[in-house]
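Engineer:
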Amino acid sequence: MPEIKINVTVGNEYQSISLTASEWQAVQGGAFLVKSVEGVYEGQSFTYEWHFNDPHYSQSTLVVTYDEGEGFIGSISDAWVD
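As numbered in the numbering used here, the sequence shown has no gaps in its residue numbers, which increase by one up to the final residue, 230.
Dropping the structure here:
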């Protein structure tokens, strides 16, 4: 099954995560999902957590955090898909 690549801007750089087609369909339908991925920002490695439809962030459908900081707060529709 093909994967869907979700991309957002964090600071001056792009971050992305891959979801399965079924995960992508579920989050588009409002399902709660949190996934982690290793990434690099300005030369430093971080663990990014992607929160889709997380009830802790009731005003946003997509929040990307890294090592206790928030890198992106917005809507799933603000991300772009490859």
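C-beta atoms are modelled at their ideal positions from N, C-alpha and C, and glycine is treated no differently.
Only a predicted model underlies this, so the values are computations on that prediction, with no experimental measurement involved.
If the criterion is Cβ atoms closer than 8 Å, does the pair V211 and I224 meet it?
Structural biologist: Taking 8 Å as the Cβ cut-off, V211 and I224 do not qualify as a contacting pair.
Engineer: Tell me the rounded alpha-carbon separation between Q176 and S206.
Structural biologist: Each residue's Cα considered, the two are about 15 Å apart.
Engineer: I154 to S208, Cα distance in whole Å?
Structural biologist: Answer to the nearest angstrom: the Cα atoms are 16 Å apart.
Engineer: Leaving out the 5 sequence neighbours to the left and right, which residues in its chain are closer than 7 Å to T171 when beta-carbon positions are compared?
Structural biologist: Checking the sequence shown, residue 171 turns out to be Glu, not Thr. Result list for E171: L181, in chain order.
Engineer: Assuming G159 and Y189 are in contact, meaning their beta carbons sit under 8 Å apart, how far apart are those beta carbons, in whole angstroms?
Structural biologist: At roughly 7 Å, the Cβ-Cβ gap stays under 8 Å, so G159 and Y189 are in contact.
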